[in-house]
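The sequence shown lines up with residues 236 to 653 when you count with my numbering.
In this text, a Cβ means the ideal position worked out from N, Cα and C, and glycines have one as well.
Here the structure is a predicted model, which is why all the values come from computation and not from measurement.
The next block holds one structure in the form of structure tokens; read it before the comments.
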Amino acid sequence: MRYRHVFAWTLVAAATLAAAAPPASAAGHANCPQLSGRWYGDNRAHLQQVIDERGSCAGHGRRSRPVAAFDWDNTVTKNDVTDATLAWALKHDKILRPASWGTTSKWLTDAADTALTAACGTGVPVGAPLPTATNPRCTDEIFEIREDGRTMSGAAAFAGSWNHRRTVPQYAWVPQLFAGHTVAELSSYARTARTGALAAPIGSTQTLGTHTIPAYVRYYDEQRELIHTLQRAGFDVYIVSAGSEPVTEIWSRGVGVDARHTLAIRSVLDRHGRLTTRNQGCGDVPASRGEAIPYIDGKRCWINQEIYGVQGTAAWQRQDRRHRPAIAAGDADTDVTFVGDATGAHLVLNRDKSELMCRAYDDADGRWVINPMFIEPLPRRPDPYPCSTGAFNEPDGAKGPVLRDDGSVVPDRQDTVY
């Protein structure tokens, strides 16, 4: 564990998901492992070409291994493993009562503090487990804030100023909810939740208060096989997630990625080794209460800092080609920056996220690879993506046009891969 101690449903489009023919490039690199699996169109051939060209098996004699970076939730797995862990914790009374809900997040509103206090009560001592398994009101408030950033009455749960390309309070809030637990305890919750989620049937749901959420999680076979193929071809494969790092590490082992290659929100620990409401920083942003997490531009920062050793303000900037992943994969706007940084292939699973899909469908460099989700793919989006007007996530939270590197505006794009 790399923590710094600080005091203080099932729809299968058989025709489109048919396995692609072996890529022609394979003949030129017989030593390179060959990718298999059911991929959309010629996506497998595109990925194989990058493996053939960039992998150490191609005999280029590189001193450093090429990098591949994958988002986790809904990119390597179907459904969110952090939500699966939080759901299990709420059903098993694993959230400890804070002295004040307002201390859990620097952006939590008075309305949210009041709602959580009223719903969860003050009947247990500070630091003791809240009885969320038998108190659906408390569970509802916590999960509504996590899911929608609002209280059950509809009031904003977070307010203030933050860089919307570096953090989102409700993502940072999940590790903060586990403050007071050790890394080992949170890992054990994630491990138990993983067992249940993998055993639950595809399409099954569970109830948290009045919320209905997926009960199952599945590893995508194709992504697991892609990761293994990349590793055999000499790539260093990393996971970069906006989830809690101890949780993500439990899951990443299932695809052969170890803790050292798993980057996610790293909680600062107190002197007793317990999680606090602070997380480690990136670049020129020090440890804080959620100011910078692996989210949109933050994922670039963590990749630059932890993989390539780039420090300070420069970690937020796009690096030269030698210091960027060859392949990067994601499914949401939170992944758009680091996926766009890839020099060989930008792999996107279509989850109807506007900024990412505008970049992918624009395909400015001809290297964007779009695939429907492998389990329960979404139907076609009926209207175009608003690329020219409101798909870009501005740092201040506003929406703007998506721009190419040369400053030109990406036109609105139709959804065609689904």
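Start-to-end residues for the alpha helix (DSSP H) that takes in residue i
{"i": "ASN314", "result": "Neither: ASN314 is in no alpha helix (DSSP H) and is coded neither H nor E."}
{"i": "ASP471", "result": "Run containing ASP471: none in the alpha helix (DSSP H); it sits in the beta strand (DSSP E), 471-479."}
{"i": "LEU591", "result": "589-597"}
{"i": "GLN540", "result": "532-541"}
{"i": "GLY575", "result": "571-576"}
{"i": "ALA347", "result": "345-355"}
Range of the contiguous beta strand (DSSP E) that encloses residue i
{"i": "TRP603", "result": "603-607"}
{"i": "VAL409", "result": "Premise fails: VAL409 lies in the alpha helix (DSSP H), 404-412, not in any beta strand (DSSP E)."}
{"i": "ASN514", "result": "510-514"}
{"i": "VAL583", "result": "580-585"}
{"i": "LEU365", "result": "Careful: LEU365 lies outside any beta strand (DSSP E) and carries neither H nor E."}
{"i": "HIS446", "result": "446-449"}
{"i": "GLY642", "result": "It is not in any beta strand (DSSP E) - GLY642 carries neither H nor E in the DSSP assignment."}
{"i": "ILE562", "result": "562-565"}
DSSP three-state assignment for residue i, whether helix, strand or coil
{"i": "PRO519", "result": "Here residue 519 is Asp; the residue named in the question, Pro, does not match the sequence. Here ASP519 sits in coil by DSSP."}
{"i": "PHE393", "result": "strand"}
{"i": "THR417", "result": "strand"}
{"i": "ASN370", "result": "coil"}
{"i": "ASP306", "result": "coil"}
{"i": "LEU461", "result": "helix"}
{"i": "SER291", "result": "helix"}
{"i": "SER422", "result": "helix"}
{"i": "ALA633", "result": "coil"}
{"i": "SER502", "result": "strand"}
{"i": "LEU270", "result": "coil"}
{"i": "LYS329", "result": "coil"}
{"i": "ALA468", "result": "coil"}
{"i": "GLN441", "result": "strand"}
{"i": "GLY544", "result": "coil"}
{"i": "ALA432", "result": "helix"}
{"i": "ILE485", "result": "helix"}
{"i": "ASN278", "result": "helix"}
{"i": "PRO257", "result": "Here the model assigns PRO257 a pLDDT of 41, short of 50, so the residue's position is not dependable, and the following value carries that caveat. Of the three classes helix, strand and coil, the one that applies to PRO257 here is coil, per DSSP."}
Straight-line gap, residue i to residue j (C-alpha atoms, nearest Å)
{"i": "VAL645", "j": "GLY362", "result": "51 Å"}
{"i": "ASP532", "j": "ARG559", "result": "14 Å"}
{"i": "ILE538", "j": "TRP551", "result": "10 Å"}
{"i": "VAL302", "j": "TYR473", "result": "7 Å"}
{"i": "ALA499", "j": "ASP277", "result": "31 Å"}
{"i": "GLY402", "j": "GLY525", "result": "Checking the sequence shown, residue 402 turns out to be Thr, not Gly. Distance between the alpha carbons of THR402 and GLY525: 7 Å."}
{"i": "PHE627", "j": "LYS534", "result": "17 Å"}
{"i": "LEU270", "j": "PRO449", "result": "30 Å"}
{"i": "THR430", "j": "GLN441", "result": "15 Å"}
{"i": "PRO258", "j": "HIS496", "result": "Confidence at PRO258 is low in this model, with a pLDDT of 40, below 50, so its placement is unreliable and the value that follows should be read with caution. Cα-Cα distance, rounded: 29 Å."}
{"i": "PRO268", "j": "ALA577", "result": "21 Å"}
{"i": "PHE413", "j": "ILE330", "result": "6 Å"}
{"i": "ARG400", "j": "TYR530", "result": "7 Å"}
{"i": "TRP486", "j": "LYS313", "result": "12 Å"}
{"i": "THR464", "j": "ARG289", "result": "13 Å"}
{"i": "TYR424", "j": "PRO614", "result": "34 Å"}
{"i": "SER260", "j": "LEU582", "result": "With a pLDDT of only 43 at SER260, under 50, the local geometry of the prediction cannot be trusted, and no value is derived from it."}
{"i": "ILE286", "j": "PRO612", "result": "26 Å"}
{"i": "ILE528", "j": "SER502", "result": "10 Å"}
{"i": "MET592", "j": "GLY469", "result": "30 Å"}
{"i": "ASP641", "j": "ARG506", "result": "49 Å"}
{"i": "ASP383", "j": "LEU321", "result": "15 Å"}
{"i": "VAL475", "j": "GLY635", "result": "26 Å"}
{"i": "ARG467", "j": "ASP587", "result": "32 Å"}
{"i": "PRO521", "j": "ILE562", "result": "29 Å"}
{"i": "SER643", "j": "LYS326", "result": "50 Å"}
{"i": "ALA428", "j": "ALA477", "result": "18 Å"}
{"i": "ARG239", "j": "ALA280", "result": "Low local confidence applies: a pLDDT of 40 at ARG239 is under 50, so the model's placement there is unreliable, and no value is given."}
{"i": "GLN540", "j": "PRO360", "result": "40 Å"}
Outcome for residue i when other beta-carbon atoms lying within 10 angstroms are tallied against a minimum of 16
{"i": "LEU638", "result": "exposed"}
{"i": "GLN654", "result": "The question about residue 654 has no answer here: the residues shown for the chain are numbered 236 through 653."}
{"i": "ASP306", "result": "buried"}
{"i": "HIS446", "result": "buried"}
{"i": "GLN546", "result": "exposed"}
{"i": "ARG381", "result": "buried"}
{"i": "GLU629", "result": "exposed"}
{"i": "GLY508", "result": "exposed"}
{"i": "ALA633", "result": "exposed"}
{"i": "PRO404", "result": "buried"}
{"i": "ASN585", "result": "buried"}
{"i": "THR651", "result": "exposed"}
{"i": "ALA564", "result": "buried"}
{"i": "ALA580", "result": "buried"}
{"i": "PRO617", "result": "exposed"}
{"i": "ASP631", "result": "exposed"}
The stretch 300-317 contacting the stretch 470-483, beta-carbon criterion three pairs below 8 Å: yes
The stretch 590-602 in contact with the stretch 371-387 per 3-pair CB rule at 8 Å: The stretch 590-602 makes no contact with the stretch 371-387, as fewer than three CB pairs between them are under 8 Å.
Sufficient close CB pairs (3 or more, under 8 Å) joining the stretch 382-393 to the stretch 420-440: Contact between the stretch 382-393 and the stretch 420-440 is absent, because fewer than three Cβ pairs lie under 8 Å.
Cβ pair count under 8 Å reaching 3, the stretch 507-516 against the stretch 345-360: no
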